[in-house]
Structure formats: structure tokens, C-alpha cells
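**Q** Here it is, the structure, as C-alpha cells.
Numbering (my numbering), first residue to last: 48 to 352.
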């Protein structure tokens, strides 16, 4: 299993379900729920094998009839895998007594007799493991991962997406287990971040690239506007207060920028966090630049007057 709640469950379509041609409809319900089949075979169990399967019910008065019915014809034995498949599988199947099963469940839709209730499903993870070991050899089970599940795991579990921004755009690398997936975003001029071949890859080089991007995108325009401010030498007392307010904007901006760079170098945030930080930085810069432009124009007009 790849995760704590990624389970396997033993599901068996009984002789009555096979005889009625319900295999396809039952398989469809599990597939539509999102589970995937890792083992399946059509087999006619012997009476002795049926007794082993129902060994926990050997003291019940209906044990003989139960094992006789199970060995009366072919059954479709299956192993399904997925998140909480044991519990959810029992919900899909319905109550042991079909008359107590809700419509929409397999037993609620396909049967009415408790002795002919179409399907069996493991009632616990431990039972599933025992039943799978009883019905299937290891080489009869196939380990595979559906494409959709593999992609979700790649995004959610395996790696963090690392942003590398440049003046011309942003590149996003999503490193898979074999480092084979590379996705480019925003524009074709973005420079790719090369992935290392070994598993000891550090996020530091990518973070340096992000920091360089932030520096080029924010420090350079900020520096240009600071130079513009220096060129305006004469300030009135009234405008002096406006410059001080502007200084507060820039102090906040550079403070947030410094914290962002440190956070990038230390924590290597994912692309969503990175995008949020850059959005706030841009907002701060736009406010600061706009304020400076207004004050600078006022100073120039005062000087010309």
C-alpha cells in the first residue's frame, strides 16, 4: 500500500450473481466509485475450500447450507484497491439482509433473499488480508496505479513544485520519481530549471533563482525611483512630510521583501505560497511607486514655479 488508508479488499460475486450475469454491473459500480481492480478470477470452489472461507461461521446452524451454496457454481473472486475500500466497499454492497439494504446498494438493487445475496465483501482490513491470501497467490495480483491517481500523488505527495522566476517569465518544474516531467508556464522565453539526477537534490539552487527573480522584478524598479527622488533636491516643508510617508511605504516594502527572500531560501515554499507572496509584494511596490510619482511631480512643479 502506498498510504495508510490505501487498502485492498476481497470482493466475491457469489454463484447466484454469476449465473444472473451481474459481474459487469458490479465491477462498474466499484470502478465508478474510484477503486481499481488488482486481481480477478472465475473459479468454482470445492466444499472444503468454502468451509475454509467461512471458517469463522462454522458454529452457525446455517454453515452447511452456506458452504454448499458457495461451492455450487463458479464465483468471481476479486481484489479491489483504493482509499478506505473495505469500509466503502461494504457500503456499496449493502446490508447482509437484502431487504434491509438501501436502494442504490448492490444487494438493495439486485436481490431479496438473505441466502442468495449475490456478493461477499471483507468486513475489516484484517479479514481482507486473510481472504486475499486464501483466494489469491502473490503472483496473481497486479500492482499498478491509474494515471489520474499517479498524477494526484505526484502533485500532492511526491514533490513540491519549485518556481524559478526570471524577468522574461516563470518556469515551473514538477519533479517526479524519475525526474521525467517538466512543465513550462507563462511564456516560452522562461529559462528552465535543470533537475539533478540524484535523489540528494537540494531546493537551494531553485530558491536562489527565485530570489534573483524577485530582486530583478522589484529591486531594480525601486532603485530607479529612488534615484529619481534624489534628483529632486528642493523640498518644501509640506512635501517633506509626504516624503516621510513615502519612506514608510518603502520600509514596509523592503522589509516584506527581505522576509520573503529569507522564507524562500529557508522553506522553499510551493508555487501557490510563492504566488501569494509575489502578489503582495507587487501591491506594495505599486502603492509605493504611485505615491512617489505623485510626490515627485509635485516637487518638480514646485521647482519650476
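Cβ coordinates follow ideal geometry from the N, Cα and C atoms, glycine included. Small disclaimer: the values here were computed from a predicted structure and weren't measured.
Which residue marks the beginning of the alpha helix (DSSP H) containing residue 98, and which one marks its end?
**A** As a first step, residue 98 must be located in the chain shown, where it is residue number 51. That run of the alpha helix (DSSP H) goes 94-100.
**Q** In the DSSP assignment, find the alpha helix (DSSP H) that holds residue 134 and state where it starts and stops.
**A** One-based indexing of the chain shown puts residue 134 at position 87. Its alpha helix (DSSP H) spans residues 132-140.
**Q** Can you give, in chain order, each stretch of the beta strand (DSSP E) that sits fully within the segment 64-91 and has at least 3 residues?
**A** 83-90
**Q** Would you call residue 245 buried or exposed, if buried means 16 or more other Cβ atoms sit within 10 Å of its Cβ?
**A** The count along the chain shown starts at 1 and reaches residue 245 at position 198. In this prediction, residue 245 scores a pLDDT of 45, lower than 50, which makes its location untrustworthy; the coordinate-derived value is nonetheless stated afterwards. Label assigned to residue 245: exposed.
**Q** To which residues of the same chain is residue 93 closer than 7 Å at the C-beta, ignoring the five residues directly before and after it?
**A** Within the chain shown, numbered from 1, the residue matching residue 93 stands at position 46. These residues qualify, in order along the chain: 118.
**Q** Taking 9 Å as the cut-off, decide whether the C-beta atoms of residue 59 and residue 111 are in contact.
**A** To locate residue 59, count along the chain shown from 1; it is residue 12. To locate residue 111, count along the chain shown from 1; it is residue 64. In this structure, residue 111 does not lie closer than 9 Å to residue 59 by Cβ.
**Q** Counting only the same chain and skipping the five closest in sequence on each side, list residues whose C-beta sits under 6 Å from that of residue 77.
**A** As a working note, residue 77 is residue 30 in the chain shown. Only 127 meet the Cβ criterion.
**Q** Using the rule of at least 16 other Cβ atoms within 10 Å of the residue's Cβ for burial, across every protein chain shown, is residue 182 buried or exposed?
**A** Walking along the chain shown from the start, residue 182 turns up at place 135. By the neighbour-count rule (16 or more Cβ atoms within 10 Å), residue 182 is buried.
**Q** Tell me whether residue 191 sits in a helix, a strand or coil according to DSSP, three-state version.
**A** Here the question's residue 191 lines up with position 144 in the chain shown. Residue 191: coil per DSSP, three-state reduction.
**Q** Label residue 230 either buried or exposed according to how many other C-beta atoms from any shown protein chain fall within 10 Å of its C-beta, with 16 as the threshold for buried.
**A** Walking along the chain shown from the start, residue 230 turns up at place 183. With a pLDDT of 41 at residue 230, under the threshold of 50, the modelled position of this residue cannot be trusted; read the value that follows with caution. Exposed.
**Q** When DSSP labels each residue in this structure, what does residue 60 get in the three-state scheme?
**A** The sequence position of residue 60 within the chain shown is 13, counting from 1. Correct three-state label for residue 60: strand.
**Q** Could you tell me the distance, in whole angstroms, from the CA atom of residue 88 to the CA atom of residue 187?
**A** Numbered from 1 along the chain shown, position 41 holds the residue referred to as residue 88. Numbered from 1 along the chain shown, position 140 holds the residue referred to as residue 187. Those two C-alpha atoms are separated by around 9 Å.
**Q** Given this structure, state the Cα-to-Cα distance separating residue 150 from residue 135, to the nearest angstrom.
**A** Residue numbering aside, residue 150 sits at position 103 when the chain shown is read from its first letter. Residue numbering aside, residue 135 sits at position 88 when the chain shown is read from its first letter. Rounded to the nearest angstrom, the two C-alpha atoms are 16 Å apart.
**Q** Could you check where the beta strand (DSSP E) with residue 155 kicks off and where it finishes?
**A** Residue mapping note: residue 155 aligns to position 108 of the chain shown, counting from 1. Where residue 155 is concerned, there is no enclosing beta strand (DSSP E), although the alpha helix (DSSP H) around it starts and stops at 153-157.
**Q** Spatial neighbours of residue 74 within its chain, please: CB distance less than 6 Å, with the 5 preceding and 5 following residues excluded, ordered by chain position.
**A** Counted from its first residue, the chain shown places residue 74 at position 27. For residue 74, there are no CB contacts under 6 Å within the same chain when 5 residues up- and downstream are skipped.
**Q** Grouping DSSP H, G and I as helix and E and B as strand, with all else coil, what is residue 126?
**A** Taking the first residue of the chain shown as 1, we reach residue 126 at position 79. Here residue 126 sits in strand by DSSP.
**Q** Is the beta carbon of residue 175 less than 9 Å from the beta carbon of residue 133?
**A** Taking the chain shown and counting its residues from 1, the one referred to as residue 175 is at position 128. Taking the chain shown and counting its residues from 1, the one referred to as residue 133 is at position 86. Yes. Within cutoff.
**Q** Count the other C-beta atoms from every protein chain shown that fall within 10 angstroms of the C-beta of residue 122, then say buried if there are 16 or more, exposed otherwise.
**A** As a first step, residue 122 must be located in the chain shown, where it is residue number 75. So residue 122 ends up on the buried side.
**Q** Note down the Cα distance separating residue 211 from residue 84, rounded to an integer number of angstroms.
**A** Position 164 of the chain shown, counted from the first residue, corresponds to residue 211. Position 37 of the chain shown, counted from the first residue, corresponds to residue 84. At residue 211 the pLDDT is 40, less than 50, meaning the model places this residue with poor confidence and gives no usable figure here.
**Q** Apart from the five residues just before and just after residue 137, which ones in its own chain have a Cβ nearer than 6 Å to its Cβ?
**A** As a first step, residue 137 is located in the chain shown; it is residue number 90 there, counting from the start. Answer for residue 137: 168, listed in chain order.
**Q** Is residue 168 helix, strand or coil when you go by DSSP?
**A** Counted from its first residue, the chain shown places residue 168 at position 121. Residue state, collapsed to three classes: strand.
**Q** By how many angstroms is the C-alpha of residue 302 removed from the C-alpha of residue 173?
**A** In the chain shown, residue 173 corresponds to position 126, counting from 1. In the chain shown, residue 302 corresponds to position 255, counting from 1. Roughly 56 Å between the two C-alpha positions.
**Q** State the start and end residues of the unbroken alpha helix (DSSP H) segment that holds residue 109.
**A** Mapped onto the chain shown, residue 109 falls at position 62. Run containing residue 109: none; DSSP gives neither H nor E here.
**Q** Measuring only the C-alpha atoms, how far is residue 68 from residue 95?
**A** Counted from its first residue, the chain shown places residue 68 at position 21. Counted from its first residue, the chain shown places residue 95 at position 48. Straight-line Cα distance between these residues: approximately 26 Å.
**Q** What do you get for residue 144, buried or exposed, if any count of 16 or more other CB atoms within 10 angstroms of its CB means buried?
**A** Sequence index remark: in the chain shown, residue 144 carries index 97 (1-based). By the 10 Å Cβ count, residue 144 comes out exposed.
**Q** Quick one: residues in its chain with C-beta nearer than 7 Å to the C-beta of residue 61, no 5 flanking neighbours on either side, listed in chain order?
**A** Start at 1 with the first residue of the chain shown, and residue 61 comes out as number 14. The residues are 117, 122, 165, 166, 167.
**Q** Let's test the definition: count the other Cβ atoms within 10 Å of the Cβ of residue 109 and tell me whether it reaches 16, buried, or not, exposed.
**A** Taking the chain shown and counting its residues from 1, the one referred to as residue 109 is at position 62. Under this definition residue 109 is an exposed residue.
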